[in-house]
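Following: one structure in structure tokens, then a few remarks.
There are 2 protein chains.
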Amino acid sequence: MIKKKHKAAVIGSGNWGSVAAKLVASNTLNLDSFHDEVRMWVFEETLPNDPDLEHAAEDANMLVFVTPHQFIEGICKRLVGKIKGDVEAISLIKGMEVKTGGPCMISSLINKQLGVNCCVLMGANIGDEIAMEKFSEATIGYREDKEVAQRWVQIFGTPYFRVSAVSCIEGVELCGTLKNVVAIAAGFVDGLEMGNNAKAAIMRIGLNEMKAFSKLMFPSVCDNTFLESCGIADLIITCLGGSNRKVADAFARSGGKRSFHELETELLQGQKLQGVKTTGEVYEVLCQREWQQSFPLFQTVHVICTGHLPPSAITQQRLYEN
Amino acid sequence: MIKKKHKAAVIGSGNWGSVAAKLVASNTLNLDSFHDEVRMWVFEETLPNDPDLEHAAEDANMLVFVTPHQFIEGICKRLVGKIKGDVEAISLIKGMEVKTGGPCMISSLINKQLGVNCCVLMGANIGDEIAMEKFSEATIGYREDKEVAQRWVQIFGTPYFRVSAVSCIEGVELCGTLKNVVAIAAGFVDGLEMGNNAKAAIMRIGLNEMKAFSKLMFPSVCDNTFLESCGIADLIITCLGGSNRKVADAFARSGGKRSFHELETELLQGQKLQGVKTTGEVYEVLCQREWQQSFPLFQTVHVICTGHLPPSAITQQRLYEN
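Protein sequence lines correspond, in order, to chains A and B.
Quick note: to get the working numbering, add 41 to the position in the first sequence (first position is 1).
Quick note: to get the working numbering, add 41 to the position in the second sequence (first position is 1).
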């Protein structure tokens with residue numbers, strides 16, 4: 042009896058896309074239950090009709106999505122009807138879409154548009170370091186099918202890239218999304234030179250709001266998810282070195298006088314900041330559901346980003362009113 | 042009717058001792074229910090028989106202890122029979138004593154020796170920054186008496202120094218103690234230039250071991266304590282900038298060839314490192330109770346500190362065997 046081999050494809054772009062493809066390809070080469078060939082479709086904003094997308098996906102049954110989050114909807118639309126019936130997907134994309142009906146996680150969007158089960162992979166993993174095979178961790182979030190999650194662990198994990206799977210997809214995905222809001226707050230603290238005590242306090246309050254927000258959105262979210270790599274570890278990395286922190290630092294140093302858009306252009310060489318967009322989306326959810334009072338940090342970050350309070354408002358009294 | 046006024050005294054030394062005295066004195070000056078005078082006894086290793094200790098404590102009913110932890114037992118012995126009957130104590134001291142009968146927290150030691158109720162105050166609070174009135178947080182842990190804890194919150198808290206009280210004294214105190222073991226691990230990662238992914242991973246694993254250890258030691262310990270300032274926030278600060286991290290970094294850079302003792306003398310101007318002592322004490326507890334397998338990080342830090350494994354063993358396979 043010949044056992045069916047799984048075939049993976051990577052729909053992605055950027056540094057993280059290349060690193061993910063390398064991890065997958067090196068594992069499939071060594072594992073009998075996977076095809077050696079891994080096709081990668083590289084997303085380019087300037088080539089929106091590249092026909093290779095369908096070619097990359099057509100005979101794969103394990104699709105890895107790792108694109109900027111604003112393009113995933115268009116990519117899914119192009120894949121409808123072009124993929125196999127037994128496809129499993131995983132999203133490495135951080136962010137969420139807020140529609141009039143409420144927020145929609147990227148994994149749900151993929152699930153709904155393509156009719157496939159979709160896991161997520163998040164965590165404290167700077168691509169450059171993984172490319173150099175430095176020790177790193179990641180968390181896979183899955184809904185129900187543990188066997189599928191374990192197949193993703195097999196395909197991504199290496200001795201230097203340790204992957205754990207937890208049955209808490211929304212918690213894992215929201216960690217990856219919400220940490221960017223906290224990183225903006227941490228950047229304000231840095232820019233105002235408020236010190237390490239203040240920065241640690243803001244990161245702590247941020248983690249608590251991430252947890253509370255996730256649990257209100259999805260009551261099934263587990264407490265322990267926030268102690269996985271996707272939670273506390275990714276938050277630490279993002280608040281210490283990420284681009285959201287960097288631009289927020291510059292914004293605070295300018296006293297809020299230069300816009301995020303202007304600083305982004307100047308500091309990030311065309312890369313778009315995820316955090317400010319997410320901050321606005323989170324604020325929309327807080328307003329839709331009348332949760333503002335319970336999330337003083339998230340709310341304050343938005344109010345500062347939109348210029349209605351100065352950056353120094355980040356450590357205001359209201360943080361302690363709940 | 043004249044309401045009884047509380048009177049505070051600080052038994053302490055060092056930077057944190059002075060800062061604590063400043064916080065207490067500025068609050069008691071403004072609060073009607075406290076005496077304006079706050080006596081401080083400054084502990085000096087070279088003047089062990091300074092008679093002012095008894096004078097400082099004699100008419101106080103709120104005693105703040107903030108000394109290096111190896112001296113607290115001797116100080117308590119000197120105070121037996123010299124203090125008032127209605128005294129409440131609070132310990133700002135990090136560390137624990139491991140006796141043949143098992144570990145003893147500093148607050149328990151004060152409680153047993155002096156027969157007084159003893160709270161603890163821990164958190165992400167670098168003394169220099171608080172002295173400059175930069176925004177900081179702290180956590181008070183208390184056993185049962187919430188009213189007493191609130192009195193400590195009153196006496197320490199300011200708009201720039203935010204103090205919360207939680208009914209989980211052992212959890213708060215163990216956070217302050219165990220974070221130093223994790224900081225040594227983080228220092229190894231820095232010294233070996235293993236990158237931010239690895240450092241965030243080690244901090245995350247460390248927090249999980251802190252929580253598991255505390256809950257095994259004291260089943261009443263609350264999960265949420267690790268999300269207070271004493272938990273995650275203090276861990277972040279200690280792993281980024283503290284002296285334990287610094288010396289462990291140098292130890293790893295020397296390939297484990299120079300001793301902690303030697304590096305301590307060279308780098309800390311006579312200050313004694315808490316973390317290595319605590320690492321040994323924690324290891325003793327792990328052995329006494331046969332818990333080694335459940336705490337691979339704590340155990341590995343000890344084995345590296347004592348020269349039985351190289352610093353690079355810090356990210357070994359065993360971290361993931363549980």
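We put the beta carbon where it would ideally sit given N, CA and C, even for glycine.
Computed from a predicted structure; not experimentally measured.
Distance CB(residue i)-CB(residue j) smaller than 8 Å
i, j, result
"Ser255/B", "Gly212/B", "yes"
"Lys313/B", "Pro109/B", "yes"
"Ser177/A", "Ala190/A", "no"
"Gly136/B", "Thr218/B", "yes"
"His47/B", "His76/B", "yes"
"Leu327/A", "Gln340/A", "yes"
"Cys271/A", "Thr356/A", "no"
"Leu104/A", "Ala66/A", "no"
"Ser74/A", "Lys44/A", "yes"
"Ile171/A", "Val60/A", "yes"
"Tyr361/B", "Arg203/A", "yes"
"Ser268/A", "Ala291/A", "Checking the sequence, you will find Leu at residue 268/A rather than Ser. In this structure, Ala291/A does not lie closer than 8 Å to Leu268/A by Cβ."
"Asp264/A", "Asp264/B", "yes"
"Glu322/B", "Val139/B", "yes"
"Leu70/A", "Trp82/A", "no"
"Ile278/B", "Ile167/B", "yes"
Nonlocal neighbours in the same chain, by C-beta distance under 7 Å from residue i, ignoring five residues either side
i, result
"Met244/B", "Val223, Ala227, Leu276 and Cys280"
"Leu64/A", "Phe197, Thr199 and Phe202"
"Glu250/A", "Phe336, Leu338 and Phe339"
"Phe229/B", "Ala289, Ala293, Ile345, Pro352 and Ile355"
"Thr266/A", "Val207, Cys209, Gly212, Val213, Cys216 and Gly272"
"Val262/B", "Cys209, Glu211, Gly212, Ser255 and Lys256"
Own chain partners of residue i with C-beta closer than 8 Å, once the 5 adjacent residues on each side are dropped
i, result
"Arg184/A", "Asn158, Cys160, Ser208 and Ile210"
"Lys125/B", "Glu99, Asp100, Ala101 and Asn102"
"Gly297/B", "Ile345, Gly348, Pro351 and Pro352"
"Phe259/B", "Glu211, Gly212 and Leu215"
Local Cβ density within 10 Å of residue i, reported as buried at 16 or more and exposed below that
i, result
"Gly247/A", "buried"
"Cys216/A", "buried"
"Glu305/A", "buried"
"Arg364/A", "Examination of residue 364/A is not possible in this model, given that chain A is present from 42 through 363 alone."
"Leu155/B", "buried"
"Lys175/B", "buried"
"Met173/B", "exposed"
"Glu188/B", "exposed"
"Ile252/B", "It is Lys, not Ile, that sits at residue 252/B in the sequence shown. Classification for Lys252/B: buried."
"Gly232/A", "buried"
"Val121/B", "exposed"
"Gly115/A", "exposed"
"Lys287/A", "buried"
"Glu214/B", "buried"
Residues near residue i by beta carbon distance below 6 Å, same chain, minus five either side
i, result
"Asn221/B", "Asn285, Gln315, Gly316 and Thr319"
"Arg80/B", "Ala50 and Ala97"
"Ala62/B", "Val51 and Met81"
"His343/B", "Thr320 and Tyr324"
"Trp370/B", "Chain B is shown from 42 up to 363; residue 370/B falls before or after that span and cannot be answered."
"Phe84/B", "Ser54 and Thr108"
Quick test of the definition: if touching needs 3 or more C-beta pairs under 8 Å, does the region 117-135 of chain B touch the region 144-151 of chain B? yes
Decide yes or no for the touch test of the region 298-318 of chain A against the region 240-248 of chain A: beta carbon pairs closer than 8 Å, at least 3 of them. no
What runs of the beta strand (DSSP E), each 3 residues or longer, lie entirely inside the region 124-195 of chain A? 129-132, 137-140, 143-146, 158-163 and 177-182
Could you name each continuous beta strand (DSSP E) segment of 3 residues or more that falls completely within the region 61-88 of chain B, going from the start of the chain to the end? 80-83
Between the region 342-350 of chain A and the region 46-64 of chain B, do at least 3 Cβ pairs fall closer than 8 Å? no
Of all the beta strand (DSSP E) runs that stay within the bounds of the region 189-271 of chain A, which reach a length of 3 or more residues? Counting only runs of 3+ residues, the beta strand (DSSP E) found wholly inside the region 189-271 of chain A occupies 202-207, in chain order.
In chain order, what are the residue ranges of uninterrupted beta strand (DSSP E) at least 3 long that sit wholly in the region 270-330 of chain A? none
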